[in-house]
Structures are given as structure tokens and as C-alpha cells.
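In the numbering used here, the protein residues as written are 96 to 583.
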């Protein structure tokens, strides 16, 4: 593993009295105003008009730039403020210049020992539908902070310490605590740029030993915040596993002093009734819900207008009220669905030669390439609480979503036609040592002329798609464009 970029500490005296004299806090970037936070969170790639004149093969690459656009939303500012407070307040009780903190660190090597440590850590949860933008929003905020900070001296005193500001883990699919511990050690190795812990700390001595080592490592590096994504996977935990992990989180917050951020779908709220009730800090900063947008929400319109600037069709299409209505109907206010629809719509418009975005273009793409999302979208469209509760179960798995963005059969045929049109380079006959005078017999029924090659036979078939499947060149795919939408 390559050594990560070292960020050496640069201290900024904090205007907050409780934060002063604490190198872990003063090494963090200054507290941001809302305008500064919005500016730093945003990412708007350049819009280059000349790119629309490129060949379609180039423009198809440009379309993926839509994935990188970050339009700051009100919830971004809310999360930035909440995370800033959680991170700094959690360090108040772990000032390395304090003798109480030093005593607390030593006590961690003696299980069962009590040193009177008073945690200042808190917690908050971010919930919302899959694809609504929870993880993307938090990751844009995490980028505001260096993940590791290297300290050497503080206020004239030697202070050699590597600080890990944050760690983000995915809850294991089986909801196991041992899996979470292993993910933690891998994340620490990645943060410090060394293969130090993942291969060294195994569950040889049982789960309790693994947990103790995780707590020691987290305290040694003064981990500022632990973010646990996909926390709804706890539903898959074996009997007693959910309670063990929830108790572990409570211990991290209350006894170790590490703030924890939980990210997951709406179903996680019921899972966390216990941890929020038992944690000493109560609900901490509470639960933030990342809701899907309503059609008349001005924030939704702002988001669409920002993304609409990125067009690579030859003809720029204005954002009409009809298009605005169609985009909402086909995505139901889910940001991930919106980005996918815009990407697939432009791909189809360019590949088909339409070279402009219309309502029919998006509906065609929705009926074909995004057909797999229709059950989930129908649940959202119904607004029926029972159907909405099944939304996560109706979503396709990640591999299916990835397949949704791949080439369609129509594009495969276009490529086949292109390859057939290329004139082969004449082959130079190599001189042979011995030339046979006996002519080689041609296998019966085989014509060596170019017009009778397998590709030509396929292309000339009445139904080339069916012929491709029969020859094993194309798998049956629910995502491909139907015959109704195929170019004639």
C-alpha cells in the first residue's frame, strides 16, 4: 500500500473557548460560514460549447461528466454544520494535552478499569431512500477535512501524533460485528497508507479481543468521527447480533468518546430506537431525513437547471415546462434516478442521430433502459404508505443498476455494421518452402466470399437481434431497446 499524502498540522486558534488549547481541534480547517461551505462543497465542471462539435464517440465520454456535478443543497449546509459540531465537540473530552486524556488512554489496555472519563461525543443519523444522495452529500462534506493530520510540535512542546479525522465504513451485508471490525482495520490502513492492522489483527482470540483492539487503535489515532453507511444491513444480523453491535456503538460513544454517524434507509429508524435511547447523549444532534423532492420544490428546479447546462447533443434543447414535468414523472424526485435518466437520454439522442433532448426521448429511455426501476417508481408515484414501505425491496441490486448503464442491443448492431464496413488490409502471402500442386478442397456448403461470412449472414437476417442471440453473440437482456424504438 502506498503511503498516503501527509498533511502536517497547521494550527488555527479557535474563537470558541472550549476548543482553545486543543491541538486536535486547532489543526482542523477553520469553522466555515454557509457561503464558504457552499462554495467548497460545490463542483461544476466546465461547460465547453466546442465539445458538441466532436464526433459522437468523444461526446459519449463527455456525458459521464454529469456524474461529477455537485449542486449544493440546503441539506448540504445542514449536514456540514452538524458534522462540524459533532467532530469538534467530540474532541473536547479527548484533549491530548490533558492529563485526564492520557490517563484514559492508558486505561484502555486494562479491560474493566474505570478512569472517570467523561465523554463529550455525540451522534446523529442520516436517513433517506436509496439513491436520494445521502452518501454523496456526506462524502462532499468529508472532503472539506484532511483525513489524516501529522502533528510534530504544539505550542513549543513535542507532540508526535498521527490524527485520523474521520473513517467511513460500510456495515457488513451480514450485519456482523466481526465484519465491521475487519472493515475498520482496513480503513485505518488506508488512511495512514500502511499495511499495519488489517493483516495483523484477526479474531484469533475471539470477538472480545478484536473489539478491544479496535477501541485501542481508534483511541491511539484520535479518530474524530466514525461514519457507518448502509446501517440497515443490521436487519440481516443473526439472533443477538443486532443488539451486540448497537451496544458496541453505545460503548464507542459513551466510554471511548468517539462520535458516530449512522447512514441508512428509513428502515434503520426502528433499528436505532435502542441506541438512541440508551446512549448517554440521547439522540445527540438528532435524525436528519434526506427526503425526495416534490415537483414544486424550488430546490428540485434549481438542481435540474444546474444539470441541464450539461448537454452534448448537436442541438441545445431548452428546458421547457413539458420537459420539467416529464423529468419529475420519470424520476419521482430521486436524484440518482435523475442523473441516470439525463445520461441515458443523451446517449440515446446521440447514438440514434436525433441529436436533441425531447420528452419522447426520455420516455423511450425510461421504458427500455430504465424499465427495471418501474416497480420502485410506481411505489413512489402511488404515495401509498404500504407501497412506499416496500420501496427498498423493489429496487434492483447494484449489479443490475450497473447493467442498466451498459450498451444496448441497438448500439451493438451499430458497432457490428461499422466493423463490417471496414475494408480488410490485404494480407501479404509469405513465401513457402514447398508449394503443393494439389488444390485444397473447400468444405461443402462453405463460401469463402466476404458476403457469406457469419457477420454478413447475421446482418442480412430478417431479425438481426434474434440471429445474434441464436449465434450466441448477444444475451437476452431486459434493458435493451425494444423493436419499436429500433432505427429502421
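Using N, Cα and C, we set each Cβ at its ideal position, and we do this for glycine too.
Bear in mind that the values here come from a model prediction, so they are computed numbers and not experimental data.
DSSP state of residue i, grouped into three classes?
i           : result
residue 387 : coil
residue 243 : strand
residue 261 : strand
residue 114 : helix
residue 463 : helix
residue 134 : helix
residue 104 : coil
residue 256 : strand
residue 189 : coil
residue 142 : coil
residue 73  : Lying outside 96 to 583, the shown extent of the chain, residue 73 is not represented and no answer is given.
residue 533 : Annotation note: pLDDT 48 at residue 533 (below 50); position unreliable, coordinate value reported separately. If DSSP states are grouped into helix, strand and coil, residue 533 belongs with coil.
residue 248 : strand
residue 427 : coil
residue 514 : Note that residue 514 scores a pLDDT of 49, beneath 50, so its modelled location is shaky and nothing firm can be said.
residue 179 : helix
residue 214 : coil
residue 196 : helix
residue 282 : helix
residue 226 : coil
residue 526 : Confidence at residue 526 is low in this model, with a pLDDT of 48, below 50, so the placement of that residue is unreliable and no value is reported for it.
residue 474 : helix
residue 399 : helix
residue 268 : coil
residue 456 : helix
residue 231 : helix
residue 446 : helix
residue 157 : helix
Using a 10 Å radius around the Cβ and a threshold of 16 neighbouring Cβ atoms, would you call residue i buried or exposed?
i           : result
residue 393 : exposed
residue 163 : exposed
residue 217 : buried
residue 324 : buried
residue 175 : buried
residue 130 : exposed
residue 152 : exposed
residue 427 : buried
residue 112 : exposed
residue 134 : exposed
residue 363 : buried
residue 477 : exposed
residue 251 : exposed
residue 115 : exposed
residue 226 : buried
residue 465 : buried
residue 525 : Unreliable positioning characterises residue 525 in this predicted model, as indicated by a pLDDT of 45, which lies under 50. The coordinate reading is nonetheless provided below. Answer is exposed; the Cβ neighbour count stays below 16.
residue 125 : exposed
residue 327 : buried
residue 247 : exposed
residue 141 : exposed
residue 139 : exposed
residue 294 : exposed
So which of the options has the shortest CA-CA distance to residue i?
i           : options            : result
residue 424 : 129, 473, 408      : 473
residue 381 : 145, 357, 138      : 357
residue 417 : 454, 243, 286      : 454
residue 309 : 236, 150, 280, 353 : 280
residue 287 : 102, 481, 476, 477 : 102
residue 122 : 274, 108, 471, 296 : 108
residue 128 : 182, 188, 172      : 172
residue 215 : 158, 436, 446, 348 : 348
residue 166 : 403, 413, 468, 469 : 403
residue 119 : 137, 316, 331      : 316
residue 443 : 158, 137, 136, 142 : 158
residue 431 : 232, 245, 419      : 232
residue 181 : 237, 445, 471, 408 : 237
residue 411 : 449, 117, 389, 150 : 449
residue 269 : 220, 240, 330      : 330
residue 249 : 456, 106, 277      : 106
residue 408 : 458, 291, 148, 104 : 148
residue 265 : 245, 355, 189, 212 : 355
residue 277 : 350, 452, 307      : 307
residue 352 : 168, 183, 144, 154 : 183
Would you list the one or two residues that DSSP bridges to residue i?
i           : result
residue 220 : 357, 382
residue 277 : Note: residue 277 sits in no beta bridge, so no partner.
Strictly under 7 Å for the Cβ-Cβ distance: is residue i near chain D by that measure?
i           : result
residue 284 : Absent from the structure is chain D; it holds one protein chain and no more.
Check your understanding: Which residue spans inside the segment 286-365 form an unbroken alpha helix (DSSP H) run of at least 4?
Key -> 302-315, 336-346
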